[in-house]
Amino acid sequence: KQCGGVGGAVWRCRRGSVEVSEGQCGGVGGAVWRCRRGSVEVSEGQCGGVGGAVWRCRTGSMEVLEGQCGGVGGAVWRCWRGSVEVSEGQYGGVGGAVWRCRRGSMEVLEGQYGGAGHIQCPVLFLNAEVLNVFGAAVWILVACTKVVPANPQAYVMAVSLFCFIATFIWMMMFLCGAHHNQSSWATADMVYHCAASLLYLSSSVLLAYVTVVISPFSQVNFTPYKLNVSAVVFSFWTTLQYIVHAALSVIRWKSF
Numbered sequence: 001k002q003c004g005g006v007g008g009a010v011w012r013c014r015r016g017s018v019e020v021s022e023g024q025c026g027g028v029g030g031a032v033w034r035c036r037r038g039s040v041e042v043s044e045g046q047c048g049g050v051g052g053a054v055w056r057c058r059t060g061s062m063e064v065l066e067g068q069c070g071g072v073g074g075a076v077w078r079c080w081r082g083s084v085e086v087s088e089g090q091y092g093g094v095g096g097a098v099w100r101c102r103r104g105s106m107e108v109l110e111g112q113y114g115g116a117g118h119i120q121c122p123v124l125f126l127n128a129e130v131l132n133v134f135g136a137a138v139w140i141l142v143a144c145t146k147v148v149p150a151n152p153q154a155y156v157m158a159v160s161l162f163c164f165i166a167t168f169i170w171m172m173m174f175l176c177g178a179h180h181n182q183s184s185w186a187t188a189d190m191v192y193h194c195a196a197s198l199l200y201l202s203s204s205v206l207l208a209y210v211t212v213v214i215s216p217f218s219q220v221n222f223t224p225y226k227l228n229v230s231a232v233v234f235s236f237w238t239t240l241q242y243i244v245h246a247a248l249s250v251i252r253w254k255s256f
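Heads up, the sequence shown is in full-length UniProt numbering, so the first residue is 1 and it goes up one at a time.
Encoded structure:
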């Protein structure tokens, strides 16, 4: 870094020729510091020292991160929530920089750091959108046919409609940042998608059985049979997507 003076001086951090942050430093070693990008303050914390010191980041009065910093600019750091280590990664800059978290050699998280520990998981969100589309197709196709026999297909409708609504609400809560990157939400996400996978698998098997039992050769109109076949295809495809999402949720849960 380039320091204009010790104690309350303006400093700037650079990686090569690129300036990555600018802030007002109240002093080196245990001083309060604030980081700004232009005129916007992005983080505030208590710094115990430069290079290997303990630091804390706050948004207003709320502490969001605490960790051990091995150095400034590209150093390895670890973040703790209470006494639980939640991430480890390579830090590319101070204040609003892009960071990636790794556990060993596997990258588990990637996000934008601006003073708060929010993460983005595009793969999980995209998969949830796919689940909603194909899940809606299942109950729409079944609803287009005469529900015969009533009991198995009513169960299929109930499962597909419940999972559609629950997955949509769950996705909205994650997109709004309600999870706050907490391990309890990762556990709940894993449990929900594992349960949804089992429910969809059972309903898909029942729907396939009903479709096989219905004989199209004794009917003049083949449309209900074709709709049931399409519903079976979408149902098993949605089941596969729920299983994939559950596997990704397990991997994410293990990263906490």
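Quick reminder that beta carbons are idealized off the backbone N, C-alpha and C, glycines included.
Anyone know if the C-beta pair for residue i and residue j falls short of 8 Å?
| i | j | result |
| --- | --- | --- |
| Val-159 | Phe-234 | no |
| residue 288 | Thr-238 | Residue 288 lies beyond the residue range present for the chain, which begins at 1 and ends at 256; the question has no answer from this structure. |
| Ser-204 | Phe-236 | yes |
| Tyr-155 | Tyr-200 | no |
| Met-190 | Trp-253 | yes |
| Leu-207 | Ala-231 | yes |
| Val-229 | Pro-152 | no |
| Asn-132 | Thr-167 | yes |
| Trp-185 | His-193 | no |
Q) Counting only runs that start and end within the UniProt domain "MARVEL" (119–254), where is the alpha helix (DSSP H) found for 4 or more residues in a row? A) Within the UniProt domain "MARVEL" (119–254), the complete alpha helix (DSSP H) runs of at least 4 residues are 122–143, 150–175, 183–213 and 223–254.
Q) Do the segment 136–156 and the segment 241–249 touch if we need at least three Cβ pairs shorter than 8 Å? A) Taking 8 Å as the limit for Cβ pairs, the verdict is that the segment 241–249 does not touch the segment 136–156.
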